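Number of protein chains: 2
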Amino acid sequence: MALVVVGGVAAGLSAAARARRLDARLPIVVLEKGPVVSYAACGLPYLLEGRVREAADLIVHTPEYFRKERNIDVRTGALVTAVSHPRREVVLESGERIKYDRLVLATGARCDTSGIAGAGQAHVFTLHTLDDAERLRAFLRNRQPRRAVVIGAGYIGVEVADALSRNGLRVTILERGTDVLLRDDAPFSDAVRQTLETHGVELRCGMKVEAIEPDRVAGVPCDLVIVAAGFQPNVELARDAGVAIGRTGAIAADDHMETNVHGIFTAGDCAETMHLVTGRPTWIPLGTTANKMGRVAGANAAGGRERFPGVVGTCIVGIFGTAFAATGLSVAQARAEGLSPVSARIESLSRPRYYGGVKTNVELVADRATGRLIGGTVIGEDGAAGRINVIAAALHNRMRVEDFVAMDLAYSPPFSPVWDPLLIAAQQLSKQL
Amino acid sequence: MALVVVGGVAAGLSAAARARRLDARLPIVVLEKGPVVSYAACGLPYLLEGRVREAADLIVHTPEYFRKERNIDVRTGALVTAVSHPRREVVLESGERIKYDRLVLATGARCDTSGIAGAGQAHVFTLHTLDDAERLRAFLRNRQPRRAVVIGAGYIGVEVADALSRNGLRVTILERGTDVLLRDDAPFSDAVRQTLETHGVELRCGMKVEAIEPDRVAGVPCDLVIVAAGFQPNVELARDAGVAIGRTGAIAADDHMETNVHGIFTAGDCAETMHLVTGRPTWIPLGTTANKMGRVAGANAAGGRERFPGVVGTCIVGIFGTAFAATGLSVAQARAEGLSPVSARIESLSRPRYYGGVKTNVELVADRATGRLIGGTVIGEDGAAGRINVIAAALHNRMRVEDFVAMDLAYSPPFSPVWDPLLIAAQQLSKQL
Numbered sequence: 106m107a108l109v110v111v112g113g114v115a116a117g118l119s120a121a122a123r124a125r126r127l128d129a130r131l132p133i134v135v136l137e138k139g140p141v142v143s144y145a146a147c148g149l150p151y152l153l154e155g156r157v158r159e160a161a162d163l164i165v166h167t168p169e170y171f172r173k174e175r176n177i178d179v180r181t182g183a184l185v186t187a188v189s190h191p192r193r194e195v196v197l198e199s200g201e202r203i204k205y206d207r208l209v210l211a212t213g214a215r216c217d218t219s220g221i222a223g224a225g226q227a228h229v230f231t232l233h234t235l236d237d238a239e240r241l242r243a244f245l246r247n248r249q250p251r252r253a254v255v256i257g258a259g260y261i262g263v264e265v266a267d268a269l270s271r272n273g274l275r276v277t278i279l280e281r282g283t284d285v286l287l288r289d290d291a292p293f294s295d296a297v298r299q300t301l302e303t304h305g306v307e308l309r310c311g312m313k314v315e316a317i318e319p320d321r322v323a324g325v326p327c328d329l330v331i332v333a334a335g336f337q338p339n340v341e342l343a344r345d346a347g348v349a350i351g352r353t354g355a356i357a358a359d360d361h362m363e364t365n366v367h368g369i370f371t372a373g374d375c376a377e378t379m380h381l382v383t384g385r386p387t388w389i390p391l392g393t394t395a396n397k398m399g400r401v402a403g404a405n406a407a408g409g410r411e412r413f414p415g416v417v418g419t420c421i422v423g424i425f426g427t428a429f430a431a432t433g434l435s436v437a438q439a440r441a442e443g444l445s446p447v448s449a450r451i452e453s454l455s456r457p458r459y460y461g462g463v464k465t466n467v468e469l470v471a472d473r474a475t476g477r478l479i480g481g482t483v484i485g486e487d488g489a490a491g492r493i494n495v496i497a498a499a500l501h502n503r504m505r506v507e508d509f510v511a512m513d514l515a516y517s518p519p520f521s522p523v524w525d526p527l528l529i530a531a532q533q534l535s536k537q538l
Numbered sequence: 106m107a108l109v110v111v112g113g114v115a116a117g118l119s120a121a122a123r124a125r126r127l128d129a130r131l132p133i134v135v136l137e138k139g140p141v142v143s144y145a146a147c148g149l150p151y152l153l154e155g156r157v158r159e160a161a162d163l164i165v166h167t168p169e170y171f172r173k174e175r176n177i178d179v180r181t182g183a184l185v186t187a188v189s190h191p192r193r194e195v196v197l198e199s200g201e202r203i204k205y206d207r208l209v210l211a212t213g214a215r216c217d218t219s220g221i222a223g224a225g226q227a228h229v230f231t232l233h234t235l236d237d238a239e240r241l242r243a244f245l246r247n248r249q250p251r252r253a254v255v256i257g258a259g260y261i262g263v264e265v266a267d268a269l270s271r272n273g274l275r276v277t278i279l280e281r282g283t284d285v286l287l288r289d290d291a292p293f294s295d296a297v298r299q300t301l302e303t304h305g306v307e308l309r310c311g312m313k314v315e316a317i318e319p320d321r322v323a324g325v326p327c328d329l330v331i332v333a334a335g336f337q338p339n340v341e342l343a344r345d346a347g348v349a350i351g352r353t354g355a356i357a358a359d360d361h362m363e364t365n366v367h368g369i370f371t372a373g374d375c376a377e378t379m380h381l382v383t384g385r386p387t388w389i390p391l392g393t394t395a396n397k398m399g400r401v402a403g404a405n406a407a408g409g410r411e412r413f414p415g416v417v418g419t420c421i422v423g424i425f426g427t428a429f430a431a432t433g434l435s436v437a438q439a440r441a442e443g444l445s446p447v448s449a450r451i452e453s454l455s456r457p458r459y460y461g462g463v464k465t466n467v468e469l470v471a472d473r474a475t476g477r478l479i480g481g482t483v484i485g486e487d488g489a490a491g492r493i494n495v496i497a498a499a500l501h502n503r504m505r506v507e508d509f510v511a512m513d514l515a516y517s518p519p520f521s522p523v524w525d526p527l528l529i530a531a532q533q534l535s536k537q538l
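Written out as structure tokens, the structure is:
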């Protein structure tokens, strides 16, 4: 038995580490095409910002660590160009062939700039790898750009805009559609826009960028461009190996993270997973999900039988100190799923006024037919992460609004008001059910 | 139809306000024995500390507000001495009789110092009402005490110790038993002790105080004593009216907050409620529960049909900036309930190290027979409230550890590490199941 893992960031190394834990003798090889493994990709915007001082601070473990401490053969600069499943081997760019019995495809995603003319210019960057971040930092240092355009208002786009703005650049975000932070939710998008604009970052929606000119994008003058759009799962290897691709465009897998090809598992940004609210597969590439998937893929590749049930679509982004958090479905997304959503949106305080409470906005969305919560958002500077997680827990449990409203949440003035904003929102929502 | 509410703090006024909302014409009288109504009793320690400047900052609404804006007749200094249910009337100390059709008993709790000799001395205080806090503040100002003894290591005792210590007093807490913050949980108690001692507050357990001497308590020299023990529900009126008292010693009520006497409801610190983990009635007097109970009692007293299902025992206290949060059962409490608890206790970071994460301790407790979570604690300076609420949500939903471990919690470096401490604890716990 031998395990080969393609990809050495979040999902791949979670898989390898978990497999090792369950089987001390299994030969495990991890093949990473880039120069480093095991780095905190979600920390890249903070490296750009300067809050994280050194790229090294984002590197969790080195290949040496994995070799010596975990007996895992981690190779960098190892680009896999083909998978021959009949022969149970992967082929490296170097021509080397490596045999496997079980394979984990953790090939990640990429930022596809091929649809944008001029994306190859020296002042155009993506922020997907540690190397991207280092090159961008050098550019900031050496070229002192003053006006940046960020293409894409997803998580990374907004985080990058925040980081660049804090470094003194004037920033404009151009978003092709109307969804901000990947959520079809106009009030949520408006709130993001308002916070960005308060801090001098302009957000323009409905701006499809087809070309980057040397000194402007879509008429916006700039000397730096970050492409934070066009994310696509890396599925080419999988497809070549006969692995089925799902409707989302990512690699399809069952809840054991096994693909349709017996012995080939998948995890991370290349893989789709079940959306537990819609009951249909979804592709939501996020670091925390990648780690969870990887853990399960690794366990099962090592002969275990663990499950990754899926996600409820939880995400959170900090923008100039305010958290924008969402989970489940927005009203528009619920309608698109054929549900009959009702929602309540409230503004309240994060703690008592006498203990420094600040504004907190909560929206809860329920399905009228079942009375169940199906989504929510929390926006605020204090306690938003904890509150969105309570909604996420409710979604995992298919909780009804009438039960949510009575939840025994922790109360003490340093932490929350006597009526938590979640409960106030639930009270409002229950009136509509 | 007329509604009389006895008690005008959290539960009583929630009941009255909710009844008014459901029935615009119902005559409603609230009878409060004290001089003020509608104040944030949980804010009293912060008034003592000085963080809250004025007692007025803790008063939410005045009797005039209720009269003018809500058409609720709120009377202060109105001590009810008897209830004659056959005549459907309450009798005030003044001799006045007030008729009711529905009665809500929100008589609260008290700090019973009768078992302590010397409790009547001028340097001995309780901290139960706004008046208590004002008198204690005046004492601090005028008498400049230097060493305080706090009797009782419950929430109020510990909060008061924190507040006095921040005001420069040397403080010793004397606790009769071994439970700290009302939880039979030795590691949790030890953590509280450690934080207190780091900040110069001594905690001595197993110290039953029977007498307060003029200059010392149980051998500890002091010039100020706060009694924060001996809390008892005020059930005398209820008992006189033929209302059943539960095994906990508090007023028994069904999940509509109605007592055994048709037409008499109860809510707040005088009432017991269902513990949803043990399935048995419990008495956990807390402000947030009082408000929820009051809302339901008021709705039903006004002819509604709402439910208060019960609590899971969630609480949180801030001690010198560290949150100590708990919900459900500790291992010892679970054993006492006849369960077979297993637990995992981990220390992890609240956020990534590169984003300023600080130590966070999580314990999760499960029942081996069912695989369900039955309790947990979270200790830390960052995000503890949100995390304990996720555990509380799991308890409300009788969630199994194997499902908890895969929860889709919000991840982004400003808010949490890629593996949330909750999930790390759940992983550890799942290995034991």
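So the sequence lines, in the order shown, correspond to chains F and E. For the first sequence, counting from 1, position 214 maps to 319 in my numbering; every step adds exactly one. For the second sequence, counting from 1, position 269 maps to 374 in my numbering; every step adds exactly one. Positions of the beta carbon are idealized from the N, C-alpha and C atoms, including for glycine. Every value quoted in this text rests on a predicted model; they were computed, and no experiment measured them.
Straight-line CA distance for residue i to residue j?
i             : j             : result
residue 361/F : residue 394/F : 14 Å
residue 154/F : residue 245/F : 11 Å
residue 356/F : residue 262/F : 25 Å
residue 291/E : residue 283/F : 54 Å
residue 167/F : residue 178/F : 11 Å
residue 512/F : residue 374/E : 18 Å
residue 401/F : residue 120/F : 7 Å
residue 109/E : residue 184/E : 13 Å
residue 145/E : residue 164/E : 6 Å
residue 397/F : residue 116/F : 8 Å
residue 450/F : residue 364/E : 35 Å
residue 313/F : residue 454/F : 38 Å
residue 509/F : residue 237/E : 36 Å
residue 349/E : residue 210/E : 12 Å
residue 107/F : residue 129/F : 12 Å
residue 351/E : residue 266/F : 60 Å
Using 9 Å as the threshold, is the C-beta distance between residue i and residue j below it?
i             : j             : result
residue 526/E : residue 492/E : yes
residue 134/E : residue 181/E : no
residue 517/F : residue 260/E : yes
residue 345/F : residue 187/F : yes
residue 317/E : residue 222/E : yes
residue 470/E : residue 495/E : no
residue 480/E : residue 434/E : yes
residue 240/E : residue 336/E : no
residue 300/E : residue 424/E : yes
residue 490/E : residue 407/F : no
I'd like the list of long-range same chain contacts for residue i, defined as Cβ closer than 8 Å, with 5 residues on each side in sequence excluded.
i             : result
residue 414/E : 360, 379 and 381
residue 507/E : 476, 535 and 538
residue 411/F : 361, 400, 401, 404 and 405
Spatial neighbours of residue i within its chain, please: CB distance less than 6 Å, with the 5 preceding and 5 following residues excluded, ordered by chain position.
i             : result
residue 175/F : 125
residue 315/F : none
| task | Below 7 Å between beta carbons is the criterion; list the residues of the stretch 484-500 of chain E that meet it against any residue of chain F, in chain order. | result | 488, 490, 491, 492, 493, 494, 495, 497, 498 and 499
| message | Please identify, using Cβ separations under 7 Å, the residues of the stretch 513-536 of chain E that lie next to chain F, in order along the chain. | response | 513, 514, 515, 516, 517, 518, 519, 520, 521, 523 and 524
| What runs of the beta strand (DSSP E), each 3 residues or longer, lie entirely inside the stretch 396-442 of chain E? | 420-424 and 427-433
| query | Unbroken alpha helix (DSSP H) runs of length 4 or more, entirely within the stretch 209-276 of chain F: which are they? | reply | 235-248 and 260-271
| request: Quick one: which residues of the stretch 454-475 of chain F get their C-beta closer than 7 Å to a C-beta of chain E? List them in chain order. | output: For the stretch 454-475 of chain F, which is checked against every Cβ of chain E, the residues closer than 7 Å are 457, 459 and 460.
| said: I'd like the ranges of any beta strand (DSSP E) spanning at least 3 consecutive residues and lying wholly in the stretch 306-364 of chain E. | reply: 307-309, 329-332 and 336-338
| request: Taking only beta carbons into account, state which residues of the stretch 136-151 of chain E come closer than 8 Å to chain F, listed in chain order. | output: 145, 147, 148 and 151
| message | At a CB distance below 8 Å, what residues from the stretch 383-400 of chain E approach chain F? Give them in sequence order. | response | 391, 392, 393, 394, 396 and 397
| said: For the stretch 417-445 of chain E, list every residue whose C-beta sits within 8 Å of some C-beta in chain C, in sequence order. | reply: This model lacks chain C altogether, as its protein chains are F and E.
| message | Which runs of the alpha helix (DSSP H) at least 4 residues long sit entirely within the stretch 502-536 of chain F? Give them in chain order. | response | 506-509 and 526-535
| If you measure beta-carbon to beta-carbon, which residues of the stretch 172-188 of chain F are closer than 7 Å to chain E? | So the list is empty, because no residue satisfies the distance condition.
| message | Please list, in chain order, the residues of the stretch 258-292 of chain E that have any C-beta partner in chain F closer than 7 Å. | response | None of the residues of the stretch 258-292 of chain E has a beta carbon lying less than 7 Å from any beta carbon of chain F.
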